Amino acid sequence: MNYGIGIALVAVAAVLLYAGWPDKDGRSPRFLRFNAALVLYPPLVLVFLAFGSALLINAL
103 MNYGIGIALV
113 AVAAVLLYAG
123 WPDKDGRSPR
133 FLRFNAALVL
143 YPPLVLVFLA
153 FGSALLINAL
């Protein structure tokens, strides 16, 4: 159970990282152009990555 949820959370973190990647011109995605998004988005990605990693380690 922990293994599947951990994989899903790490996958969500990977999708969030890919969605927030700048384009070829160096411009941020449209949803990251606001000040609140710059404060909230990185911790959200880190939470998914940390909980997913913790569940994967716990499943071993």
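Residue numbers (the working numbering): 103 to 162.
Note that CB positions come from ideal geometry on N, CA and C, so glycine has one too.
Quick caveat: nothing in here was measured; it's all calculated off a predicted structure.
### Message
Using 8 angstroms as the threshold, is the C-beta distance between V147 and L111 below it?
### Response
One-based indexing of the sequence shown puts residue 147 at position 45. One-based indexing of the sequence shown puts residue 111 at position 9. No. Outside cutoff.
### Message
So A115 and L151 are supposed to be a Cβ contact under 8 angstroms. How far apart are they, rounded?
### Response
Position 13 of the sequence shown, counted from the start, is the residue given in the question as residue 115. Position 49 of the sequence shown, counted from the start, is the residue given in the question as residue 151. Sure, about 4 angstroms apart at Cβ, within 8 angstroms.
### Query
Is G108 buried or exposed, if buried means 16 or more other CB atoms sit within 10 Å of its CB?
Walking along the sequence shown from the start, residue 108 turns up at place 6. Label assigned to G108: buried.
### Message
With the cut-off set at 8 angstroms, would you say L157 and N104 are in Cβ contact?
### Response
Stepping through the sequence shown from its first residue, residue 157 is reached at position 55. Stepping through the sequence shown from its first residue, residue 104 is reached at position 2. A contact, by the Cβ cut-off of 8 angstroms.
### Query
How long is the line joining the alpha carbons of G122 and S130, rounded to whole angstroms?
What you label residue 122 is simply residue 20 of the sequence shown in a count that begins at 1. What you label residue 130 is simply residue 28 of the sequence shown in a count that begins at 1. When rounded, the distance between both Cα atoms is 7 angstroms.
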